[in-house]
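2 protein chains.
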Amino acid sequence: MTLNAFHARLAAAAAAHDSLVCVGLDPEVERFPAQLRGRPDAILAFNRAIIDATADLVCAYKPQIAHYAAVGAEDQLQESIRYIRERAPGVPVILDSKRGDIGSTAAKYADEAFKRYGADAVTVNPYLGRDSVEPFLEWADKGIVVLCRTSNAGAREFQDLKVGDRTLYQVVAEKVAKEWNTRGNCLLVVGATYPEELADIRARTGGMTFLVPGVGAQGGDVRRAVQAGMTPAGDGLVINSSRGILYAGSGEDFAAAARRATLELRDAINAARR
Amino acid sequence: MTLNAFHARLAAAAAAHDSLVCVGLDPEVERFPAQLRGRPDAILAFNRAIIDATADLVCAYKPQIAHYAAVGAEDQLQESIRYIRERAPGVPVILDSKRGDIGSTAAKYADEAFKRYGADAVTVNPYLGRDSVEPFLEWADKGIVVLCRTSNAGAREFQDLKVGDRTLYQVVAEKVAKEWNTRGNCLLVVGATYPEELADIRARTGGMTFLVPGVGAQGGDVRRAVQAGMTPAGDGLVINSSRGILYAGSGEDFAAAARRATLELRDAINAARR
Numbered sequence: 000m001t002l003n004a005f006h007a008r009l010a011a012a013a014a015a016h017d018s019l020v021c022v023g024l025d026p027e028v029e030r031f032p033a034q035l036r037g038r039p040d041a042i043l044a045f046n047r048a049i050i051d052a053t054a055d056l057v058c059a060y061k062p063q064i065a066h067y068a069a070v071g072a073e074d075q076l077q078e079s080i081r082y083i084r085e086r087a088p089g090v091p092v093i094l095d096s097k098r099g100d101i102g103s104t105a106a107k108y109a110d111e112a113f114k115r116y117g118a119d120a121v122t123v124n125p126y127l128g129r130d131s132v133e134p135f136l137e138w139a140d141k142g143i144v145v146l147c148r149t150s151n152a153g154a155r156e157f158q159d160l161k162v163g164d165r166t167l168y169q170v171v172a173e174k175v176a177k178e179w180n181t182r183g184n185c186l187l188v189v190g191a192t193y194p195e196e197l198a199d200i201r202a203r204t205g206g207m208t209f210l211v212p213g214v215g216a217q218g219g220d221v222r223r224a225v226q227a228g229m230t231p232a233g234d235g236l237v238i239n240s241s242r243g244i245l246y247a248g249s250g251e252d253f254a255a256a257a258r259r260a261t262l263e264l265r266d267a268i269n270a271a272r273r
Numbered sequence: 000m001t002l003n004a005f006h007a008r009l010a011a012a013a014a015a016h017d018s019l020v021c022v023g024l025d026p027e028v029e030r031f032p033a034q035l036r037g038r039p040d041a042i043l044a045f046n047r048a049i050i051d052a053t054a055d056l057v058c059a060y061k062p063q064i065a066h067y068a069a070v071g072a073e074d075q076l077q078e079s080i081r082y083i084r085e086r087a088p089g090v091p092v093i094l095d096s097k098r099g100d101i102g103s104t105a106a107k108y109a110d111e112a113f114k115r116y117g118a119d120a121v122t123v124n125p126y127l128g129r130d131s132v133e134p135f136l137e138w139a140d141k142g143i144v145v146l147c148r149t150s151n152a153g154a155r156e157f158q159d160l161k162v163g164d165r166t167l168y169q170v171v172a173e174k175v176a177k178e179w180n181t182r183g184n185c186l187l188v189v190g191a192t193y194p195e196e197l198a199d200i201r202a203r204t205g206g207m208t209f210l211v212p213g214v215g216a217q218g219g220d221v222r223r224a225v226q227a228g229m230t231p232a233g234d235g236l237v238i239n240s241s242r243g244i245l246y247a248g249s250g251e252d253f254a255a256a257a258r259r260a261t262l263e264l265r266d267a268i269n270a271a272r273r
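Note that the protein sequences, when read in sequence, are chains A and B. The first sequence begins at 0 in numbering that gives the first Met the number 0 and counts up by one. The second sequence begins at 0 in numbering that gives the first Met the number 0 and counts up by one.
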């Protein structure tokens, strides 16, 4: 199957940088190094330094929108994305907003992600069913990343419930792979913290790409996650680390520390997939 | 049980205005009357006119955040909420954002709703499980409105799946009522478009309050929804209408038309509950 524009962009960045690492841009001002705190554009300055330090090492960036919305910094999110376009022109941006609402409202959220922020992909929540995701799916050139099995401990509460002979997350995975992905623009979120579930979802969904959070601060084991989740060709994964990279250092050299952490993660992933 | 601050505020507004009507503030500039279009503050001007026209007729206002985020109008959302505080001081504001993310990020979304916008309540998505909702639940004085059975057609796709002898939405309803509501700050979203499900969830959750979307533009029958969903005392419901009120008229008299539509809905609800 021909790759859609998002998948082509992702594959090109992954190949150019020999990397499946996605850096999550989840700025928390209270964790910033002292020299940035207090600046009105602290978030943008922090993100720029992180982007400068990692632009040649990643296959994607993933800003998590709550970190901007909580402090009214939508403008700095917008500027950060603009900076990625400038500094890392081939690297796709996944807006992590996990939206989910009825169709007419979902169309507004799609506008938020794709028109306002110009993201290449967006995360969405499946609980409201297909018609709530359809306004996103209509963006055939983008990536629509559906939550399937998340990386948190509470994921078990509903996602692991047995629905006949499958769990709810298995039902979601198969729905997305077999019914929602008609335009080839769907991906799934599957947490690194559950390698068995990664392997199971891989077996159920063929070559789909997974966005995999949960390594780094959340404690997921990189080698186990990669080996459980990769396709036979050794790809199909976008492995996100946010806090483990952003806050690898807390001093003036935070960007250099972030680069080292990104390199380490990239190499650990590549060692596991080859 | 003593009502928490949100529930007390909601009950007081409902009693003062003899109303279970919530007006959804979902501004769509392309549907605004001609005299407002083109103004940079069109959304705020529209909302102010709607608030002026309905302040004495409602128990709550519910701005849906996608309608602001899609066009970068967070400031007008903030100003609209400020205007509600001034013009309708006792009326609670439910921020409809349906957020859901892992704990550390959920805390940021709670900050967005309660610190940034000063909302009295917020809607949340249960798919990620309790730890994703806990940072909201910790706000004991607020209302945490958990999606249970939504009003859209696609709701059936996952929410109606059979989990043992219950459906997924029944499992969510009972979890929230029996486990998540320890602080008395939980509510449920149950669509007016499914009266049988409303009755079923009422039976499973005792006196919990339901936020009920789906009357008006979505076609839910008011009388059937009220009679299916109300408590024996004739309350426990917050019935939302957005488009049916906001766009009841499209000319210069849109605010007067919105007032008439609100009055009609209030009276239809009250006729059904008494």
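Ideal Cβ placement from N, Cα and C applies to all residues, glycine included.
**Request:** Output yes or no for whether 8 Å exceeds the beta carbon distance between Gly215/A and Ile244/A.
**Result:** Yes, they are a contact pair.
**Message:** Check for me: the alpha helix (DSSP H) holding Pro194/B runs from which residue to which?
**Reply:** In the DSSP assignment, Pro194/B falls within the unbroken alpha helix (DSSP H) covering 194–204.
**C-beta atoms of Ile83/A and Ile50/A nearer than 8 Å** = Yes. Within cutoff.
**Item:** Chain-ordered chain B contacts of Gln169/A [CB-CB under 7 Å]
**Value:** What Gln169/A touches in chain B: nothing, since even the nearest Cβ is about 11 Å away.
**Asked** Can you list, in chain order, the residues of the stretch 118–134 of chain B whose Cβ is nearer than 7 Å to any Cβ on chain A?
**Response** Only those residues of the stretch 118–134 of chain B whose C-beta falls short of 7 Å from the nearest C-beta of chain A are listed: Asn124, Pro125, Tyr126, Leu127, Gly128, Arg129, Asp130, Ser131.
**Message:** Please state the DSSP three-state secondary structure of Pro134/A.
**Reply:** Helix, per DSSP.
**Prompt:** Does any residue of chain B bring its CB to less than 8 Å from the CB of Glu73/A?
**Reply:** Closer than 8 Å: yes.
**Prompt:** To the nearest angstrom, how far is it from the Cα of Cys58/A to the Cα of Pro212/A?
**Reply:** Straight through space, the alpha carbons of Pro212/A and Cys58/A are spaced by roughly 14 Å.
**Message:** So, under 8 Å CB-CB, Asn269/B and Cys21/B are touching, yes? Tell me the CB distance rounded to an integer number of Å.
**Reply:** Taking a contact as a CB-CB distance under 8 Å, the pair Asn269/B and Cys21/B does not count as one, their CB atoms being some 14 Å apart.
**Contact with chain A by Gln226/B, beta-carbon distance below 8 Å** = Proximity of Gln226/B to chain A, defined by a Cβ-Cβ separation below 8 Å, is not satisfied.
**Message:** Residues in the same chain with beta-carbon distance under 7 Å from Pro32/B, minus the five sequence neighbours each way, listed in chain order, please.
**Reply:** For Pro32/B, where only same-chain residues beyond five positions count, the Cβ hits under 7 Å are Ser249, Gly250, Glu251, Phe253.
**Prompt:** With burial defined as no fewer than 16 other Cβ atoms inside 10 Å of the residue's Cβ, what is the status of Gln34/A: buried or exposed?
**Reply:** By the neighbour-count rule (16 or more Cβ atoms within 10 Å), Gln34/A is not buried but exposed.
**Prompt:** Would the beta-carbon of His6/A fall within 8 Å of that of Asp55/A?
**Reply:** Annotated as distal: His6/A and Asp55/A, with beta-carbon spacing of 8 Å or more.
**Request:** Starting from the beta carbon of Leu146/A, find every residue of chain B whose beta carbon is closer than 7 Å, and list them in chain order.
**Result:** Neighbours of Leu146/A on chain B, chain order: Tyr126.
**Message:** If I follow the unbroken beta strand (DSSP E) through Lys97/A, where does it start and stop?
**Reply:** Start and end: 93–98.
**Asked** Hey, Gly117/B and Arg8/B: beta-carbon distance below 8 Å or not?
**Response** Contact: no.
**Prompt:** Quick one: which chain A residues come within Cβ less than 7 Å of Val245/B?
**Reply:** The sequence given here has Leu at residue 245/B, not Val. Below the 7 Å Cβ cutoff, chain A contributes no neighbours of Leu245/B, its closest Cβ being approximately 12 Å away.
**Asked** Taking the alpha carbon of Arg223/A as the point to measure from, which residue in Tyr246/A, Glu196/A, Thr204/A has its own alpha carbon closest?
**Response** Nearest option by C-alpha distance: Glu196/A.
**Message:** Please report the straight-line C-alpha distance between Ala48/B and Thr208/B, rounded to a whole angstrom.
**Reply:** When only Cα atoms are considered, Ala48/B and Thr208/B end up about 29 Å apart.
**Request:** Return the bridge partner residues of Ser150/B from the DSSP annotation.
**Result:** Paired residue(s): none; Ser150/B is not in a bridge.
**Asked** What did DSSP end up calling Asn46/B once you bin it into helix, strand or coil?
**Response** Assignment of Asn46/B by DSSP, reduced to helix, strand and coil, places it in the helix class.
**Proximity test, Cβ basis, 8 Å: Ile101/B and chain A** = With 8 Å as the cut-off, Ile101/B counts as an interface residue toward chain A.
**Asked** Listed in chain order, which residues of the stretch 183–203 of chain B have Cβ atoms closer than 7 Å to some Cβ of chain A?
**Response** Taking 7 Å as the Cβ-Cβ cut-off against chain A, none of the residues of the stretch 183–203 of chain B qualify.
**Item:** Beta carbon proximity, Asp86/A to chain B, threshold 8 Å
**Value:** One point to set straight first is that residue 86/A is Arg, not Asp, in the sequence displayed. At a cut-off of 8 Å between beta-carbon atoms, Arg86/A makes no contact with chain B.
**According to DSSP, residues forming a beta bridge with Asn239/B** = Answer by DSSP bridge pairing, in chain order: Cys21/B.
**Request:** Using beta-carbon positions only, say whether Asp74/A and Ala69/B come within less than 8 Å of one another.
**Result:** Annotated as distal: Asp74/A and Ala69/B, with beta-carbon spacing of 8 Å or more.
**Message:** Would Val162/B pass as an interface residue toward chain A - the criterion being a Cβ-Cβ separation below 8 Å?
**Reply:** Yes, contact with chain A.
**Request:** Along the alpha helix (DSSP H) that carries Tyr67/B, what are the first and last residues, could you check?
**Result:** 65–68 is the extent of the alpha helix (DSSP H) around Tyr67/B.
**Message:** Let's see if you can read the secondary structure: which residues bound the alpha helix (DSSP H) around Ala176/B?
**Reply:** If you look at Ala176/B, you'll find it isn't in any alpha helix (DSSP H); DSSP assigns it neither H nor E.
**Item:** Of the listed residues Arg115/B, Asp100/B, Gly71/B, nearest to Tyr108/A (C-alpha basis)
**Value:** When each option's Cα is compared against that of Tyr108/A, the closest is Gly71/B.
**Asked** Looking at C-alpha atoms only, which residue of Gly235/A, Asn180/A, Asp234/A is the closest neighbour of Glu137/A?
**Response** Answer by Cα proximity: Asn180/A.
**Per DSSP, the bridge partner or partners of Gly219/A** = Residue pairing from DSSP places Gly219/A in a beta bridge opposite Val214/A.
**Item:** Ile83/A (DSSP reduced to helix, strand or coil)
**Value:** Three-state DSSP puts Ile83/A in a helix.
**Item:** Residue nearest to Gly218/A in terms of C-alpha spacing, selected from Gln226/A, Ile200/A, Tyr193/A
**Value:** Of the candidates Gln226/A, Ile200/A, Tyr193/A, the residue whose Cα lies closest to the Cα of Gly218/A is Tyr193/A.
**Message:** Between Ala154/B and chain A, is any beta-carbon pair separated by less than 8 Å?
**Reply:** Chain A contact via Cβ: present.
**Cα-Cα separation between Ile143/B and Asp95/A, rounded to whole angstroms** = Distance between the alpha carbons of Ile143/B and Asp95/A: 22 Å.
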